[in-house]
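J.: Pasting a structure here, questions to come.
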Amino acid sequence: MKTITINVSEPVYREFQLYAKAHDRTASELVRQAMEEYRQAHLQPGASLREVQPVSVGKALRPLAQGDDLLGEMLDEDRR
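My numbering runs 1064 ahead of the 1-based position in the sequence shown.
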């Protein structure tokens, strides 16, 4: 594990210490947890669509006809 030095305000550090003590943890553990949560939420790239496996949603209800307007159906234009 890498040791780092950070500068935080006294009130913030005091809050971390109080919270950590109340939950039987150390302020260092809280900072590590916060950094890991930030890393997962903001630094790790999301999955590419190329990596997502296709999902079967069943079979088609009927074959497509020559004049079928799929975009209109998706936009629900018949109900306007």
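Note that beta-carbon positions come from the ideal geometry of N, C-alpha and C, so glycine has one too.
If you're wondering where the values come from, they're calculated on a predicted model, not measured in any experiment.
(1) Note down, in chain order, each residue of its chain lying with its Cβ closer than 6 Å to the Cβ of Thr1090, except the 5 sequence neighbours on either side.
(2) Secondary structure at Ser1120, three-state DSSP: helix, strand or coil?
(3) Which of the three DSSP states, helix, strand or coil, is assigned to Met1099?
(4) If distances are taken between C-alpha atoms only, which option among Pro1118, Pro1109, Thr1069, Ser1073 comes closest to Arg1096?
(5) What does a CB cutoff of less than 8 Å around Glu1115 pick up in its chain, not counting 5 residues either side in sequence?
(6) Note down the Cα distance separating Lys1123 from Gly1110, rounded to an integer number of angstroms.
(7) At what residues does the alpha helix (DSSP H) containing Glu1137 begin and finish?
T.: Put simply:
(1) Ala1084
(2) coil
(3) helix
(4) Thr1069
(5) Excluding residues within five positions, none has a Cβ falling inside 8 Å.
(6) The C-alpha of Lys1123 lies about 30 Å from the C-alpha of Gly1110.
(7) 1134-1138
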